[in-house]
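Reading through the structure tokens given below for one structure.
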Amino acid sequence: MSCDNPSKSKPDFTLGGFEFYSALLDSDEQQGILADLRKVIAKAPMFRPMTPMGKPMSVQMSSAGTYGWYTDKQGYRYATKHPNGTKWPPIPPSILSIWDRVSGVSKQPECCLINFYGQEAKMGMHQDKDEADFRWPVVSISLGDDARFRIGHENRGGKTQTATLRSGDVMVMGGDARLKHHGVDRIDFGTSLLLPKGGRINLTLRVVD
Ligand code: SIN
Ligand code: MN
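Positions in the sequence shown are counted from 1; adding 57 to them yields our numbering.
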């Protein structure tokens, strides 16, 4: 099951088991995805979630798919509805097609988490572990300004490695890397012209159930 889609293309490089596809998406494809995301956001507006500790996250978030990732004082989890009470919009085909190119699996993702990073936003080291089955990979798509991405280990601590994620880059967290800690140290604001007001969008595609 872990690789039942032979059309998976080869990554440009790997770091700590994370597979990097540099500039997989050209400018037209990035613009097309952005146009599709604007339609998603019109129905499921970005919001700033609270951590279980009651602290607002620095990123803004929304989702597409059967599930959206959510956090508040009740904890980290997947939810079938946006906080406004409506179902999340479907994942646009332009985004699903990227999963088909790099995930190596034919099962489709059920969540596309949309994170928006403004100038000061970052994300602390964490594991993606709210999904039911860690044999499925997570696929990450970067749009807009560059991000300094940090990679650790399954256990907290130890020596870490960094990579820059640029607009159009795609990364796969699967296999031995699936439960490794990772985070975003900072955004190099203004390094891309894709988003008119600057900032970065990261999409992560996840199989939830
Ligand atoms: C995440 O780990 O959920 C986001 C990673 C990123 O923004 O590149
Ligand atoms: Mn993550």
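We treat Cβ as the ideally placed atom computed from N, Cα and C, and that holds for glycine.
In this text, all values refer to a predicted model and were calculated from it rather than measured experimentally.
Opposing strand residues paired with residue i [DSSP bridges]
i	result
Trp126	Tyr135
Phe173	Gln117 and Ile258
Gly111	Gly111 is not bridged to any residue.
Lys65	Paired residue(s): none; Lys65 is not in a bridge.
Leu72	Phe75
Met103	Met103 pairs with nothing; no bridge assigned.
Val241	Met180 and Phe206
Same chain, Cβ closer than 6 Å to residue i, neighbours up to 5 away in sequence not counted
i	result
Leu222	Ser199, Ala204 and Phe206
Gln218	Leu72, Gly73 and Ile208
Continuous beta strand (DSSP E) stretch holding residue i: start and end
i	result
Ser84	Run containing Ser84: none in the beta strand (DSSP E); it sits in the alpha helix (DSSP H), Ser84 to Lys100.
Arg158	From DSSP, Arg158 is part of no beta strand (DSSP E) but of the alpha helix (DSSP H) over Pro150 to Val159.
Gly181	Met180 to His183
Ala234	Unbroken run through Ala234: none, as it is neither H nor E.
Ser199	Val195 to Gly201
Gln218	Gln218 to Leu222
Residue i and residue j closer than 8 Å at C-beta
i	j	result
Leu170	Trp126	yes
Tyr135	Asp190	no
Ile155	Val227	yes
Arg257	Tyr174	yes
Near ligand 2: residue i beta-carbon under 7 Å from a heavy atom
i	result
Thr219	no
Thr108	no
Asp202	no
Asp83	no
Thr261	yes
Residues of its chain near residue i, where Cβ-Cβ distance is below 7 Å and the 5 sequence neighbours each way are ignored
i	result
Phe70	Phe77
Lys179	Ser115, Val241, Asp242 and Arg243
Any non-hydrogen atom of ligand 1 within 7 Å of residue i CB
i	result
Ala162	The question names Ala, but residue 162 in the sequence shown is Val. Not so, every heavy atom of ligand 1 lies at least 7 Å from the Cβ.
Ser197	yes
Nonlocal neighbours in the same chain, by C-beta distance under 8 Å from residue i, ignoring five residues either side
i	result
Gln131	Pro109
Gly111	Lys130
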